[in-house]
Amino acid sequence: MSQSQSLKMKDLISELKRIVGDDYVLDDQADLLVYEYDGSIDRGNPVVVVLPNTAKEISQVLKLARLNSLPVVARGAGTGLSGGAIAEHGGIVLSMTRMNQILEVNRSDRYAIVEPGVVNLDLSTHVASEGLYYAPDPSSQRACTIGGNIAENSGGPHCLAYGVTTNHVLGMEVVLADGSITWFGDNERDGIGYDLRGITIGSEGTLAIVTKISVRLLRLPEHVKTMLMSFETIEDASAAVTGIIGAGMVPAALEMMDHFCIKAAEEAVGAGYPEGAGAVLLVELDGLLESVEEESEEIEAICREFSPLEIRVATDSLEREKLWSGRKGVLGALGRLAPNYYLVDGTIPRTKLVDVLKKINEISERSGYPIANLLHAGDGNLHPSILFDERKPGDVENILAIGAEILRICVDSGGVLSGEHGIGLEKQDQMPLMFSEEDMATMSLLKLAFETEDLLNPGKVFPTGAGCGDISQARAIARVGPGAYI
Amino acid sequence: MLEVEKIPKPTWLDESELYKCVHCGFCLQACPTYLATGLETESPRGRIALMKAVNEGRLEISNQVMRHWDLCVQCRACEDVCPSGVPYGNLIESTMDHVRDYRRIGLLPRLAYEIALKYLLPNQKNLSVLVAMMDFYIKSGFQKLVRRTKILRLISRRLENLEMMTPALNGEFFRADGHLYQSGVVDAEKIQMLTGCIMPLTQGNQMRAAVRVLNKAGKDVEIPSSQVCCGAINSHVGDVEKAKELARENIEAFSKDNIDGAIVVASAGCGARMKEYGPLLADDPEYSSKAANFSKRVIDINEYLIGAQFQPGESGVPRAVTYQDSCHLANVQKVRDAPRNLLKSIQGLDFCELKESNICCGAGGTYMITEPEMSKKILANKMKNIIDSGADTIATANPGCFMQLQNGIREAGLDVEVKYVTDLLDETYTKK
Numbered sequence: 001m002s003q004s005q006s007l008k009m010k011d012l013i014s015e016l017k018r019i020v021g022d023d024y025v026l027d028d029q030a031d032l033l034v035y036e037y038d039g040s041i042d043r044g045n046p047v048v049v050v051l052p053n054t055a056k057e058i059s060q061v062l063k064l065a066r067l068n069s070l071p072v073v074a075r076g077a078g079t080g081l082s083g084g085a086i087a088e089h090g091g092i093v094l095s096m097t098r099m100n101q102i103l104e105v106n107r108s109d110r111y112a113i114v115e116p117g118v119v120n121l122d123l124s125t126h127v128a129s130e131g132l133y134y135a136p137d138p139s140s141q142r143a144c145t146i147g148g149n150i151a152e153n154s155g156g157p158h159c160l161a162y163g164v165t166t167n168h169v170l171g172m173e174v175v176l177a178d179g180s181i182t183w184f185g186d187n188e189r190d191g192i193g194y195d196l197r198g199i200t201i202g203s204e205g206t207l208a209i210v211t212k213i214s215v216r217l218l219r220l221p222e223h224v225k226t227m228l229m230s231f232e233t234i235e236d237a238s239a240a241v242t243g244i245i246g247a248g249m250v251p252a253a254l255e256m257m258d259h260f261c262i263k264a265a266e267e268a269v270g271a272g273y274p275e276g277a278g279a280v281l282l283v284e285l286d287g288l289l290e291s292v293e294e295e296s297e298e299i300e301a302i303c304r305e306f307s308p309l310e311i312r313v314a315t316d317s318l319e320r321e322k323l324w325s326g327r328k329g330v331l332g333a334l335g336r337l338a339p340n341y342y343l344v345d346g347t348i349p350r351t352k353l354v355d356v357l358k359k360i361n362e363i364s365e366r367s368g369y370p371i372a373n374l375l376h377a378g379d380g381n382l383h384p385s386i387l388f389d390e391r392k393p394g395d396v397e398n399i400l401a402i403g404a405e406i407l408r409i410c411v412d413s414g415g416v417l418s419g420e421h422g423i424g425l426e427k428q429d430q431m432p433l434m435f436s437e438e439d440m441a442t443m444s445l446l447k448l449a450f451e452t453e454d455l456l457n458p459g460k461v462f463p464t465g466a467g468c469g470d471i472s473q474a475r476a477i478a479r480v481g482p483g484a485y486i
Numbered sequence: 001m002l003e004v005e006k007i008p009k010p011t012w013l014d015e016s017e018l019y020k021c022v023h024c025g026f027c028l029q030a031c032p033t034y035l036a037t038g039l040e041t042e043s044p045r046g047r048i049a050l051m052k053a054v055n056e057g058r059l060e061i062s063n064q065v066m067r068h069w070d071l072c073v074q075c076r077a078c079e080d081v082c083p084s085g086v087p088y089g090n091l092i093e094s095t096m097d098h099v100r101d102y103r104r105i106g107l108l109p110r111l112a113y114e115i116a117l118k119y120l121l122p123n124q125k126n127l128s129v130l131v132a133m134m135d136f137y138i139k140s141g142f143q144k145l146v147r148r149t150k151i152l153r154l155i156s157r158r159l160e161n162l163e164m165m166t167p168a169l170n171g172e173f174f175r176a177d178g179h180l181y182q183s184g185v186v187d188a189e190k191i192q193m194l195t196g197c198i199m200p201l202t203q204g205n206q207m208r209a210a211v212r213v214l215n216k217a218g219k220d221v222e223i224p225s226s227q228v229c230c231g232a233i234n235s236h237v238g239d240v241e242k243a244k245e246l247a248r249e250n251i252e253a254f255s256k257d258n259i260d261g262a263i264v265v266a267s268a269g270c271g272a273r274m275k276e277y278g279p280l281l282a283d284d285p286e287y288s289s290k291a292a293n294f295s296k297r298v299i300d301i302n303e304y305l306i307g308a309q310f311q312p313g314e315s316g317v318p319r320a321v322t323y324q325d326s327c328h329l330a331n332v333q334k335v336r337d338a339p340r341n342l343l344k345s346i347q348g349l350d351f352c353e354l355k356e357s358n359i360c361c362g363a364g365g366t367y368m369i370t371e372p373e374m375s376k377k378i379l380a381n382k383m384k385n386i387i388d389s390g391a392d393t394i395a396t397a398n399p400g401c402f403m404q405l406q407n408g409i410r411e412a413g414l415d416v417e418v419k420y421v422t423d424l425l426d427e428t429y430t431k432k
């Protein structure tokens, strides 16, 4: 770094400190290093980490970043699985963890207004005494933030019946790239005009920084029943899933785990998963007592056709929590089997489950890398997790290639690139598998409508490098002219 | 790149333990310093990332790096919630041990530190002289004078803070004199009890209450002489050698009287340390099996009383009581229900849960002295939750937590009393 540049950097740091306070600007090498990762395998060092406390401060930071042409990457709890919060191009990481207040709970209209740094589970815990909860429940809900959930349009086991994040966000305050503060959406269900709220959700921080969120709250169900069914093979379990969905049932959650996951989860939390099973299904039903009982009988009957080894039922909340604890902790628990996992997030038609899982197994056998399968089976969302050791030369390249191969299989079988973790850095190169050049150019135009400088989380979602994304973005810019707003 | 090669590959970390961390982030919400700051740098995942970076030669051990490790309270709540099973306690203890050589601290603090670790905590005689001096300082009215005039502030804020923590003494010292406290039951089972370092001097009354409760449970309690500090503080601050030395001394002290019953511990931090004497001395050919056997005999007093089916006395204890988990009881020894069930068994006692009772209070052994700022930040939130609980008494199971909560309550001006679980059990027999 030349002296003039470093001087400039010094000025920038002191300016940032003036905005958010001395304690909330980090630029020591060691401090930056702990902001280089998320929950997956990508890494990137920011130049500076800023922890703002208000939308106003964020507005000032964005203006300053623009003036200095510095990228800005928003980060929640850093539990993401697609590199969305990685500062690949350096710049400022905007850590939202200080903005963690639940500002308002409106019981009669069933919504809450929260700051983006509120932890997902904390919100549900906070409103539980009012008989309410927030439905989207990513497995990392103990740690991940609502803001991060918005960026990735996160799902979770219960999204089968209740939908993903976008179905539960009514509106939000955002700071745009030019520093202006505005509100997208409404507290009503259906706003009028373009759905800017919907566009922003899942945009991975490339369009705006979300600073306040109005979320829908649901009433806690009267009755909940969780069933754990174990099968000898993953094929039997998959067939049972197809059977349940085919019969027109929509459980609140329908999860599957293979033998790797069962082993890891069992070691981690001792949830009481049966040993020796090839796969387990975790089925949850909720609603009125009578309908839950009726549905559970029907589901049991369907599963019995596929000779389950065991069916276990839990209705009291402690037992249910125990059954769930294995599923919710399983990803981290894979750390017991290997130093790293690479979790692939793809979605396929449910009728193709058996087929695709077979192909994944073949890849695993051929390559020698164990692949643990956990699935939101009910909605065909696969999470094959490739186990590896990043310190072994060649491992990272190999597993990335395997991941790409699995995604290709998903898309070929009629599925999509991501169920709930976003595109981020991880899958941008696979975007052309699903989208034509025209598709991507159109999406780029949308991005350009928000900002032309490409400073908000640059290099995410769209392909970069030799792929056609760069070209499509460049073409879109050429069409509207640099610096222009549409 | 050249620079990277200059750094010798560290050998103090067990890679098979270190690389169990897959940075999923589940530990964040269990960590008191992360909750207090929102900073990844003050989280278990961040501290492990720094260890990994040093291990990979990507980072040198700078003061800033050590700062983040130092700020760990070592409550080990992260270990309890970690799905990968990262043995964080081992990692941070061996890291603290390793970085001792890198520290550049002033001569005076270093001297104070060394004296405390080598000559005060492990030596009851020396420590009791100091505590007696503190007692004189309080009783003579000198403390009042110092606090009123705020004279220490003129010297340094830090010293003033330290003075604020001077523990109020509770009765006479409780001595490890080999005495056998008898229950009066014929052929009663003989058990032994650890006295520890600070607790018998500053909380003699509470220790006597613990012994009375054990007697009421029908046990004869021997307090072996020549026992020493458990060594927990030494291992926390990275003095593993001294910790091993103390462990060996205790193993001898507790075996010399030919009693092989339970070794009951009334302080959670010591219990946790002693339950892990096995791994601590695993490489010691003479002591490894003795240590493993010793650790098997160690049991927390709350856990022990539940196992012994202790029945509280007839007197009701009309208090609204809440319970703060002592970290090393809950997270390391995994004892959570026993103290709660004991409290609930007391007549007239109204038990209510404390919000975030599983989050550390910021005591952390000597942490409250070495890191007063962070410690107070953590404590402030605890006080808020205590007020919300509506309790008039907060029960806990460790002297560090006891003192820290007392300090917090005094400074916040709350009308809440701090008690050991065993104090309240004792009240069911002694209260008229």
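In order, the protein sequence lines correspond to chains H and D.
Residue numbers for the first sequence follow my numbering, beginning at 1 and rising by one.
Residue numbers for the second sequence follow my numbering, beginning at 1 and rising by one.
Quick reminder that beta carbons are idealized off the backbone N, C-alpha and C, glycines included.
Query, Result
"The stretch 110 to 128 of chain H / the stretch 136 to 153 of chain H touching (three or more Cβ pairs under 8 angstroms)", "yes"
"Short CB-CB distance (under 8 angstroms) between residue 21(D) and chain H", "yes"
"Spatially closest choice to residue 76(H) from 67(H), 99(H), 282(H) and 63(H), by CA coordinates", "99(H)"
"Bounding residues of the alpha helix (DSSP H) (the contiguous stretch that carries residue 405(H))", "395 to 412"
"Interface residues of the stretch 16 to 38 of chain H facing chain D [CB-CB below 9 angstroms]", "23, 24, 26, 28, 29, 30, 31, 33, 34, 35, 36, 37 and 38"
"Continuous beta strand (DSSP E) stretch holding residue 443(H): start and end", "Careful: residue 443(H) lies outside any beta strand (DSSP E), inside the alpha helix (DSSP H) at 437 to 450."
"Interface partners of residue 77(H) on chain D, CB under 8 angstroms", "25 and 28"
"C-alpha distance - residue 69(H) paired with residue 453(H), whole-angstrom precision", "8 angstroms"
"Cβ shell of residue 362(D) (< 8 angstroms), same chain only, five flanking positions each side left out", "32, 73, 368, 374, 375, 376, 377, 378, 379, 382 and 404"
"Touch test, the stretch 225 to 240 of chain H against the stretch 131 to 145 of chain H, Cβ-Cβ under 8 angstroms, three pairs minimum", "no"
"Coil, strand or helix - residue 66(D) by DSSP", "helix"
"Straight-line Cα distance separating residue 131(H) from residue 315(H)", "18 angstroms"
"Secondary structure, beta strand (DSSP E): runs of 3+ residues fully inside the stretch 304 to 379 of chain D", "320 to 323"
"Candidates 227(D), 39(D), 50(D) and 12(D), of which the one nearest residue 29(H) by Cα", "50(D)"
"Unbroken stretches of the beta strand (DSSP E), 3 residues or longer, contained in the stretch 132 to 166 of chain D", "none"
"Short CB-CB distance (under 8 angstroms) between residue 97(H) and chain D", "yes"
"Residue 293(H) burial status per 10 Å Cβ neighbour count (16 or more: buried)", "exposed"
"Beta-carbon proximity list for residue 400(H), same chain, < 8 angstroms, skipping 5 on both sides", "342"
"Within-8 angstroms CB hit, residue 147(H) to chain D", "no"
"For residue 228(H), the three-state DSSP class (helix, strand or coil)", "strand"
"Burial state of residue 285(D) (16 or more Cβ within 10 Å)", "exposed"
"Whether residue 164(D) touches residue 407(D) by CB criterion (8 angstroms)", "yes"
"Cβ contact (3+ pairs, closer than 8 angstroms) linking the stretch 54 to 65 of chain H and the stretch 177 to 186 of chain H", "yes"
"Residues of the stretch 311 to 328 of chain H with Cβ closer than 7 angstroms to any Cβ of chain D, in chain order", "none"
"Any C-beta of chain H under 8 angstroms from that of residue 41(D)", "yes"
"Span of the alpha helix (DSSP H), counted from its first residue to its last, around residue 151(H)", "146 to 152"
"Minimum C-alpha distance to residue 195(D) - residue among 399(D), 421(D) and 417(D)", "399(D)"
"Chain D contact for residue 251(H) (CB, 8 angstroms cutoff)", "no"
"Test item: CB-CB of residue 64(D) and residue 27(H) under 8 angstroms", "no"
"Distance between residue 153(H) and residue 416(H) (C-alpha atoms, nearest Å)", "15 angstroms"
"Neighbour flag for residue 404(D) against chain H, beta carbons, 8 angstroms", "no"
"Bounding residues of the beta strand (DSSP E) (the contiguous stretch that carries residue 142(H))", "Residue 142(H) -> no beta strand (DSSP E), and no H or E assigned at all."
"Integer-rounded CB distance, given that residue 24(D) should sit under 8 angstroms from residue 44(D)", "Not quite, the Cβ-Cβ distance comes to about 11 angstroms (not below 8 angstroms), so this is no contact."
"Simplified DSSP state of residue 324(H), which is helix, strand or coil", "helix"
"Residue from 217(H), 451(H), 9(H) and 463(H) with nearest C-alpha to residue 208(H)", "451(H)"
"Inside the stretch 184 to 208 of chain D only - beta strand (DSSP E) runs reaching at least 3 residues", "189 to 193"
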